[in-house]
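For reference, the structure is listed below as structure tokens.
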Amino acid sequence: GAVVSQHPSRVICKSGTSVKIECRSLDFQATTMFWYRQFPKQSLMLMATSNEGSKATYEQGVEKDKFLINHASLTLSTLTVTSAHPEDSSFYICSAPRRGLASDEQYFGPGTRLTVT
Amino acid sequence: QKEVEQNSGPLSVPEGAIASLNCTYSDRGSQSFFWYRQYSGKSPELIMFIYSNGDKEDGRFTAQLNKASQYVSLLIRDSQPSDSATYLCAVNGYGANQAGTALIFGKGTTLSVSS
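Protein sequence lines, in the order shown, are assigned to chains A and B.
The first sequence runs contiguously to residue 1022 in my numbering.
The second sequence runs contiguously to residue 384 in my numbering.
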């Protein structure tokens, strides 16, 4: 069964509004989670690393003030897209490495399809 | 800039044939290599991972790694129409957190298996 969940699976919002996406590890603790973004016909691009108890680290070119990440607990990370614009429309996917496996094996959430109108 | 390169395809094979998917990577320091399958509109699912040079077999899938050539491949034997998907090659990378646990993905190869 799924070990990482995301909510919502699909969201449509108007330009200028903010959208929050949740990523949960279901039966394990994840001190680190990753947020990826995938545009149509493109690969997954790492946006940021979410760290429990500390600030997220962002990849080059990703606006930290636009994509707010909060790792509130050992099983929950949230990504808030602030003042969303149509160019933010994409497939957002989180992942988490699971304890007991190799350090860089990750389980992916089912993804969130964001459409900004 | 660490890169992972794949032919975008589409790669078309008949049912029952062997599908061969290839990937090259730029960072010689990469240690872990992954193949994911992604159906349209869905999240990637892990098929195999490989860490050591040589072959690793799991059912109909065989991953091959050659670190000297910076090359990793995936063979799918007895291909089935249900194998039709995009296959993503991923390599461990160092994101901004420098922890070495992020994955760098190729753009993926689209495989089409005809019945």
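In this text, a Cβ means the ideal position worked out from N, Cα and C, and glycines have one as well.
Spell out whether any CB of chain A is found under 8 Å from the CB atom of B:A286.
-> For B:A286, no Cβ of chain A is located within less than 8 Å of the residue's own Cβ.
Secondary structure of A:D896, DSSP reduced to three states = No statement about residue 896 of chain A is possible, as the shown extent of chain A runs from 906 to 1022 and does not include it.
Nearest-angstrom Cα separation, counted from A:S995 out to A:P897 = One cannot answer for residue 897 of chain A here, as it falls past the ends of chain A, which runs 906 to 1022.
First and last residue of the beta strand (DSSP E) that includes B:F302?
-> Residues 302 to 307.
Please decide whether A:I974 counts as near chain B, where near means a Cβ-Cβ distance under 8 Å.
-> The C-beta of A:I974 comes no closer than 8 Å to any C-beta of chain B.
Determine the chain B residues that contact A:Q934 at a beta-carbon separation under 8 Å, and present them in chain order.
-> The contacting residues do not exist; A:Q934 stays about 15 Å from chain B at best.
Hey, would you say A:H912 sits closer than 8 Å to A:M938, going by beta carbons?
-> Cβ atoms of A:H912 and A:M938: not closer than 8 Å.
Can you give me the Cβ contacts of A:T954 inside the same chain, cut-off strictly under 7 Å, excluding the 5 residues immediately before and after it?
-> For A:T954, where only same-chain residues beyond five positions count, the Cβ hits under 7 Å are T937, F939, A961, T962.
Would you mind reading off the limits of the beta strand (DSSP E) that contains A:H990?
-> Counting along the chain, A:H990 falls outside any beta strand (DSSP E), and DSSP gives it neither H nor E.
Same chain, Cβ closer than 7 Å to A:L973, neighbours up to 5 away in sequence not counted | T985, T987.
Which bits of chain B does A:F939 rub up against, with CB to CB less than 7 Å?
-> A371, listed in chain order.
For A:L979: DSSP bridge partner residues | In the DSSP output, where bridge partners are listed per residue, A:L979 has none listed.
Can you give the Cα-Cα distance for A:R942 and B:R346, rounded to whole angstroms?
-> Taking the straight line joining both Cα atoms gives about 31 Å.
Inter-stretch contact (C-beta, 8 Å, three-pair minimum) for the stretch 272 to 291 of chain B and the stretch 927 to 936 of chain A = Result no; under three Cβ-Cβ pairs closer than 8 Å.
Cα-Cα separation, A:G1014 to B:S338 | For A:G1014 and B:S338, the distance between alpha carbons rounds to 33 Å.
Given A:K971, which residues of its chain have a CB within under 6 Å of its CB, disregarding the five upstream and five downstream residues?
-> Same-chain partners within the cutoff: T987.
So with Cβ pairs under 8 Å, would you call B:P313 a contact of chain A?
-> Yes, its Cβ sits closer than 8 Å to a Cβ of chain A.
Going straight from the alpha carbon of A:A935 to that of B:I373, what length do you get?
-> Cα to Cα, the separation comes out at about 20 Å.
Do the CB positions of A:C918 and A:V924 come within less than 8 Å of each other?
-> Yes. Within cutoff.
Straight-line gap, B:L334 to B:S321 (C-alpha atoms, nearest Å) | Distance between the alpha carbons of B:L334 and B:S321 is about 7 Å.
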